[in-house]
Structures are given as C-alpha cells and as structure tokens.
Amino acid sequence: MSNSKLKMFTKLYLKDLHEVTAEILIVVIGVVLVTIGFSLDSEVPPPAFLFPLFLLLGLVGFLPLLSSFKLLSREWSHNTVYLVMSLPVSGAMILASKMMVLLTQYVGGTLLLGLSGYLLFATKLFQYIAPYQPDLAVLANNPELVSNLLAFYLAGLAFLVFLCCTSFFSQIAGRLSAKFSGLVTAVTFVFTLILSGKLLEALGTGSHEVNLVMVRMSGNTDSLVNSLYLSSLGYLLLAIILFILAAVIYDRKLEL
Amino acid sequence: MIEFDQVGKRFGSIQALDQLSLQFGPGKIIGLFGPNGAGKSTAMKMIAGLNQPDSGHVLVDGQKPRHSRVKIAFLPEIDHLYGWWTLKQAADFMRSFYADWDDRKYTELLGFLNLREDMKISKISKGQRAKCKLILTVSRRAPYLLLDEPLSGIDILTREEIINTLIRDFREGEQSIIISTHEINDVESLVDEVFFIDQGRIVVSGSAEELRITQGLSLVEIMKEAFRHVQQ
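Quick mapping for you: the protein sequence lines, in order, are chains A and B. Every number in my numbering is 3 more than the matching position in the first sequence, counting from 1. For the second sequence, position 167 matches number 150 in my numbering, and the numbering has no gaps at all.
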C-alpha cells in the first residue's frame, strides 16, 4: 500500500511554509501596525497612510521572489537536500510545494493588505475626500473598476509565478556546476529574464504593450484589460516551460 | 539485489569510482570498507539515486535507483534533518512518505535508544542526532538500508547502542544492510560479507567468515594488508 500523493504534497508544503515564517510575520506585523496606527491616530491626515501601504505592497510583491531563492538554496546549505532528494517523489512535486508556499505568501499578503486598505479607506479616507470627490462612491461600486483591478492583480500574480519559476530554474541550473554555483545561478537568472522578455516582445504579449497613457486618453479600458490578460498568459506559459525544465533537470541531472 | 556494472564516476580530476563491478545480495549485512576518499560514499549515494554514473550502470532489483527510492532507507553521514523539527515531527514526515514505516518498531526504538519525541533536532548532542537519524532510517521495513559512516564522530557508548539496534532489528533474509565505514573494528562482528574498496576499485571481497579463516587475520588486519599492497 503506498501513501497518497496529496498527503506527501501537504507534508512538503507545510515544511516549506515553516521556512518562510519570518517573511510572513514581517508582512503581517507591518500591515497590523500600519492599520492600527493610522486608525488610532486622528492627528495624521488620512492620505498619509497610502505611502506605508504602497511600501508594504512592494514588500508583499518582492518577498516571495526572495523566498524562492531562500527555499531552494537552504536545502543545500543545511544539507536537507539529502533528505528531500531521497524521498520517493518527483522534482515536480518538490518544486510545486515550494511554488504553492510562494503563492500563499503573495495571495495572503495582498489580501491582508487589501483588507487593511479597505478598512482605512472606509473609516478615514472616504470621509476626508468625499466633499471634493462626490463621484467616489460611484467609482467604488463600478464593476469596470473591479474588473480592471482584477486584471492587474492576476497580471501581478502571473509575473510573480514567472519570476519564481525563473528563480527555480536558474538555481537548479546553477547546482549543476560544482564550482561557481552562485555565479551560474545569477547569470542564468538574468539571461533567462532577458531571453523571456525578447520572446514575449516577439510574440507581442509583453507588458510593454500596455500603454496606460494611451488607454487613459482614449478612455478604452477594454484594451488595457485585454493587454493585461494576454501578457499574463504569456508569462504563465513561460513559467510552465521553465518549471518543467527545472523539474526535469532536478530529476535527471542533479547530483549531490 | 543491487548491482554495479563497470561503473565509473569522476569528480574533476578525481576518479571516485573506476570500472566498479559488484553485487550486493539480499538478506545480508554487507560492509563496504575503505579509507577516506576510497569511493564508499559515492557508491552509497549512487544506490540512493543521489549520484549518477558517468559510465556503466547501477541497478536496484533491476531498476534504476531513482525509480527504487521507496525500497531504500538511506542514512547519510551528514546531518540531513531540519533543525526546527522535533523527533516527532520528523517521524510524522517520514511516515507520510513511506508505507513501510513501522510505528511499533519506532516506539520500541525510542525507549531502546533513550530518545524522546519532543527533542528538537537543533538542540540535541551529536550522538543524539546520530540516534535520531538511525531511528528514522531503521523504523522503516525497507528492503535495503544504506548506512553511510553511521558511527563517524560518535562516542563509544552511542556506537554500541547503534550497533545493538542494528543487530536487534535486522530481519535476516528479508532485508539487506549496507554499512560503509572506515572504522571496521566496530562493525567487524556485524557483517556477513565485505568489500574493501580503494580509489574506486574493489581490492578484496568475500564472506567475512571465509576471509578471516583463509587469511587467519581479522578484517582490520586484512584491510591493512590489502591497502599496503595497493600503496606499494
């Protein structure tokens, strides 16, 4: 009788999730402090909270990429790769559990940040700017705005998945070299990003196609949303290719 | 059965394994002996699927090692467990991956080796870590146990406990234990079959008992003799 793949995946996921506890705590503490701080302080003008929220948004987007390097490189630096590579599971499952952790980190962070932003908007900012922007309430209930925000969010998610897959691929490629593993990883990472950019450009799905100014001038947000979805699709396809390559190298070529 | 057929492996300028051919039969305790850098660990890692031959091939019951991981319980020389784990968490992890995990054996061994489940891997002594690694390996009913330098850097009392554990839990006929070490004294009484390896080649091999009788020497002395000839 063999153990279920789901059980194995869950164990790998929980183990990897534990490895990024510090990064998750940084975001949670940051968001809680900003939310409570601005909710209690009536002296500070409400728009001031936008700055730390945007800083936190940058952090939420950047930390998973940093974690992608940490999650994989730590297996080697702590020798736990001997345990992981001895397990009766494929490289795809090992990498998928790490990817799931990174997505949890990103989605959890952005949702928490979104909640904080909504609370601060509802309790502070709305009353502050409502007299100057009476259309704001209408804007908040605008389904088109929601659809645009969703397109931006999904594009960000797709780009993050692409970056993390590039990170996995370049780190595993780097491990093929006994010496200068870090250098090979860095060169592969940069080279893969450049090559991917060229490829997407050639296919016409790169994010440079999204011209926000043009969209705003023409008032046609459909083209913006379509561009974002197309761009997301391009990044996701590349991410899948890089993920498969990384898993195949992990299974067939990687040695200790 | 584990087979090495004309296996070659090179790391840079070092020839770790040199046309190595051997067979580890089932149901025995096998010693893979040799000095540091002889190629023992490379051979062990190859069986565990962590290294691949440059030439020749390694088969575990007729399959490539990476397809046979479920049959192999590997104890590497280095500490390979997560430091934040308690022994209980480590055992839960292993239990999820291996259907041959034996809870009864694990519980018995906890008492036998004086270990507690709440021990945190990063907070315990080297000897206790060695025992934790051992319990996680031996608690499986895997057909092949690979123990790479299981006694390295361990005090004499812990060594005895480890050896007694192996003797106590060896299931003759069902399981093969392959012990790689350069400290032959400690495991001399344990092994049925021996392979002396140097510079990636087998220097002497055979039944431990037969070698002792025919050469009138202990395994330690046989190794010294064998490597003296090689060095000359």
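Glycine included, every Cβ here is placed at the ideal spot set by N, Cα and C.
Candidates B:Arg(-7), B:Ser(-4), B:Phe7, B:Leu15: closest to methionine 206 of chain B by CA position: Start at 1 with the first residue of the second sequence, and residue 206 of chain B comes out as number 223. Considering only alpha carbons, the answer is B:Leu15.
Environment of alanine 33 of chain A [buried if 16+ CB atoms lie within 10 Å]: Counting from 1 along the first sequence, the entry for residue 33 of chain A is found at position 30. The question names alanine, yet the displayed sequence has glycine at residue 33 of chain A. Around the Cβ of glycine 33 of chain A, a 10 Å sphere holds 16 or more other Cβ atoms; the residue is buried.
Between lysine 14 of chain A and chain B, is any beta-carbon pair separated by less than 8 Å? On the first sequence, position 11 is the one that residue 14 of chain A refers to. Closer than 8 Å: yes.
Glutamate 176 of chain B by DSSP, collapsed to three states: which one? The residue given as residue 176 of chain B occupies position 193 in the second sequence. Looking at glutamate 176 of chain B - three-state DSSP - the assignment turns out to be strand.
Establish whether the CB of serine 76 of chain A and some CB of chain B are separated by less than 8 Å. Translated into the one-based positions of the first sequence, residue 76 of chain A becomes position 73. Serine 76 of chain A does not count as touching chain B.
Flag arginine 151 of chain B as yes if its beta-carbon sits less than 8 Å from any beta-carbon of chain A, otherwise no. Translated into the one-based positions of the second sequence, residue 151 of chain B becomes position 168. Arginine 151 of chain B does not count as touching chain A.
Determine whether the beta carbon atoms of proline 126 of chain B and isoleucine 162 of chain B lie at a separation below 8 Å. Residue mapping note: residue 126 of chain B aligns to position 143 of the second sequence, counting from 1. Residue mapping note: residue 162 of chain B aligns to position 179 of the second sequence, counting from 1. In this structure, isoleucine 162 of chain B does not lie closer than 8 Å to proline 126 of chain B by Cβ.
Against chain A, with Cβ distances strictly below 8 Å, would histidine 63 of chain B count as a contact? Along the second sequence, one-based indexing puts residue 63 of chain B at 80. Chain A, which has a Cβ nearer than 8 Å to the Cβ of histidine 63 of chain B, makes this yes.
Alpha-carbon to alpha-carbon, aspartate 175 of chain B and glutamate 193 of chain B: Walking along the second sequence from the start, residue 193 of chain B turns up at place 210. Walking along the second sequence from the start, residue 175 of chain B turns up at place 192. Taking the straight line joining both Cα atoms gives about 10 Å.
Reference isoleucine 12 of chain B; option with closest CA among B:Ile185, B:Ile180, B:Ile196, B:Leu130: For this step, residue 12 of chain B is matched to residue 29 along the second sequence. The residue from B:Ile185, B:Ile180, B:Ile196, B:Leu130 with its alpha-carbon nearest to that of isoleucine 12 of chain B is B:Leu130.
Can you tell which of A:Ala205, A:Cys167, A:Ile39 has its C-alpha closest to the C-alpha of threonine 107 of chain A? To locate residue 107 of chain A, count along the first sequence from 1; it is residue 104. Per the Cα distances, A:Cys167.
Who are the neighbours of arginine 124 of chain B on chain A, taking C-beta pairs under 9 Å? Here the question's residue 124 of chain B lines up with position 141 in the second sequence. The contacting residues do not exist; arginine 124 of chain B stays about 12 Å from chain A at best.
Might you give, ordered along the chain, the residues of its own chain that have their beta carbon closer than 6 Å to the beta carbon of histidine 211 of chain A, omitting 5 neighbours on each side? Here residue 211 of chain A refers to the residue found at position 208 when the first sequence is read from its first residue. Its pLDDT being 49, under 50, histidine 211 of chain A is placed unreliably by the model, and the measurement read from it follows with that caveat. The answer is none, since no qualifying residue turns up.
Residue-level contact to chain A via CB, serine 79 of chain B, 8 Å cutoff: The residue labelled residue 79 of chain B in the question sits at position 96 within the second sequence. Yes, serine 79 of chain B lies at the interface with chain A (some Cβ there is under 8 Å from its Cβ).
Give me the Cα-Cα distance between aspartate 75 of chain B and valine 30 of chain A, rounded to the nearest whole angstrom. Within the second sequence, residue 75 of chain B is the residue found at index 92, counting from 1. Within the first sequence, residue 30 of chain A is the residue found at index 27, counting from 1. So the two alpha carbons sit approximately 30 Å from each other.
Does the Cβ-Cβ distance between isoleucine 104 of chain B and leucine 58 of chain B come in under 8 Å? Position 121 of the second sequence, counting from 1, holds the residue named residue 104 of chain B. Position 75 of the second sequence, counting from 1, holds the residue named residue 58 of chain B. Result no, Cβ atoms of isoleucine 104 of chain B and leucine 58 of chain B do not sit closer than 8 Å.
Where does tryptophan 68 of chain B fall in DSSP's three states? Counting from 1 along the second sequence, the entry for residue 68 of chain B is found at position 85. DSSP places tryptophan 68 of chain B in coil when its eight states are reduced to three.
With DSSP as the reference, please indicate the residues paired to valine -10 of chain B in a beta bridge. Mapped onto the second sequence, residue -10 of chain B falls at position 7. Per the DSSP secondary-structure output, valine -10 of chain B pairs in a beta bridge with B:Leu3.
Where tyrosine 89 of chain B falls, given that 16 or more other Cβ within 10 Å makes a residue buried: As a working note, residue 89 of chain B is residue 106 in the second sequence. Label assigned to tyrosine 89 of chain B: buried.
Reference valine 149 of chain A; option with closest CA among A:Gly111, A:Ile27, A:Asp225: Reading the first sequence from its first residue, position 146 is the one you call residue 149 of chain A. It is A:Asp225 whose Cα lies nearest to the Cα of valine 149 of chain A.
Under the DSSP definition of a beta bridge, which residues are partnered with threonine 164 of chain B? Walking along the second sequence from the start, residue 164 of chain B turns up at place 181. DSSP lists B:Phe16 as partners of threonine 164 of chain B.
For isoleucine 55 of chain B versus valine 41 of chain B, is the C-beta spacing smaller than 8 Å? Reading the second sequence from its first residue, position 72 is the one you call residue 55 of chain B. Reading the second sequence from its first residue, position 58 is the one you call residue 41 of chain B. No, these two residues do not count as a Cβ contact at 8 Å.
Could you give the residue range of the alpha helix (DSSP H) that holds serine 199 of chain A? If you number the first sequence from 1, residue 199 of chain A lands on position 196. Unbroken alpha helix (DSSP H) run through serine 199 of chain A: 184 to 206.
Examine chain B for any beta-carbon lying closer than 8 Å to the beta-carbon of aspartate 254 of chain A, and answer yes or no. Sequence index remark: in the first sequence, residue 254 of chain A carries index 251 (1-based). By this cut-off, aspartate 254 of chain A is an interface position.
Assigned exposure category for phenylalanine 171 of chain A - 16 Cβ within 10 Å defines buried: For the purposes of this step, residue 171 of chain A is taken as the residue at position 168 of the first sequence. Taking all protein chains in view, the Cβ of phenylalanine 171 of chain A is crowded by 16 or more other Cβ atoms within 10 Å, so the residue is classified as buried.
Helix, strand or coil for histidine 50 of chain B per DSSP? The sequence position of residue 50 of chain B within the second sequence is 67, counting from 1. Helix, per DSSP.
Measure the alpha-carbon distance for isoleucine 118 of chain B versus arginine 99 of chain B and round it to whole angstroms. If you number the second sequence from 1, residue 118 of chain B lands on position 135. If you number the second sequence from 1, residue 99 of chain B lands on position 116. Put simply, the backbone Cα of isoleucine 118 of chain B is about 11 Å away from that of arginine 99 of chain B.
Could you please give the first and the last residue of the uninterrupted alpha helix (DSSP H) stretch that includes leucine 105 of chain A? Taking the first sequence and counting its residues from 1, one reaches residue 105 of chain A at position 102. Unbroken alpha helix (DSSP H) run through leucine 105 of chain A: 94 to 123.
Strictly below 7 Å CB to CB, what residues from chain A border phenylalanine 210 of chain B? Here residue 210 of chain B refers to the residue found at position 227 when the second sequence is read from its first residue. Taking a Cβ-Cβ cut-off of 7 Å, phenylalanine 210 of chain B has no neighbours in chain A, whose nearest Cβ is about 27 Å from it.
Pull up the CB-CB distance for leucine 98 of chain A and alanine 250 of chain A, whole angstroms please, since I reckon it's below 8 Å. Start at 1 with the first residue of the first sequence, and residue 98 of chain A comes out as number 95. Start at 1 with the first residue of the first sequence, and residue 250 of chain A comes out as number 247. With a Cβ gap of about 6 Å, leucine 98 of chain A and alanine 250 of chain A count as contacting.
With a threshold of 16 other CB atoms inside 10 Å of the CB of arginine 52 of chain B, please say whether the residue is buried or exposed. Position 69 of the second sequence holds residue 52 of chain B. Counting Cβ neighbours within 10 Å, arginine 52 of chain B comes out buried, since at least 16 surround it.
Below 8 Å, how does it come out for the segment 54 to 72 of chain A and the segment 234 to 245 of chain A: are there three or more Cβ pairs, yes or no? Verdict: no, contact absent.
Flag this pair as yes or no: are the beta carbons of serine 159 of chain B and proline 9 of chain B separated by less than 8 Å? Within the second sequence, numbered from 1, the residue matching residue 159 of chain B stands at position 176. Within the second sequence, numbered from 1, the residue matching residue 9 of chain B stands at position 26. For serine 159 of chain B and proline 9 of chain B, yes; Cβs fall inside 8 Å.
Assigned secondary structure, glycine 64 of chain A (DSSP; H/G/I helix, E/B strand, else coil): In the first sequence, the residue the question calls residue 64 of chain A occupies position 61. It is helical.
Assuming serine 89 of chain A contacts leucine 33 of chain B (C-beta within less than 8 Å), just tell me the rounded distance between them. Numbered from its first residue, the first sequence carries residue 89 of chain A at position 86. Numbered from its first residue, the second sequence carries residue 33 of chain B at position 50. Contact flag correct, Cβ pair sits at about 7 Å.
The alpha helix (DSSP H) spanning valine 43 of chain B covers which residue range? Here residue 43 of chain B is taken as the residue at index 60 of the second sequence, counted from 1. Taken as a continuous stretch (DSSP letters only), valine 43 of chain B belongs to no alpha helix (DSSP H), being part of the beta strand (DSSP E) at 38 to 43.
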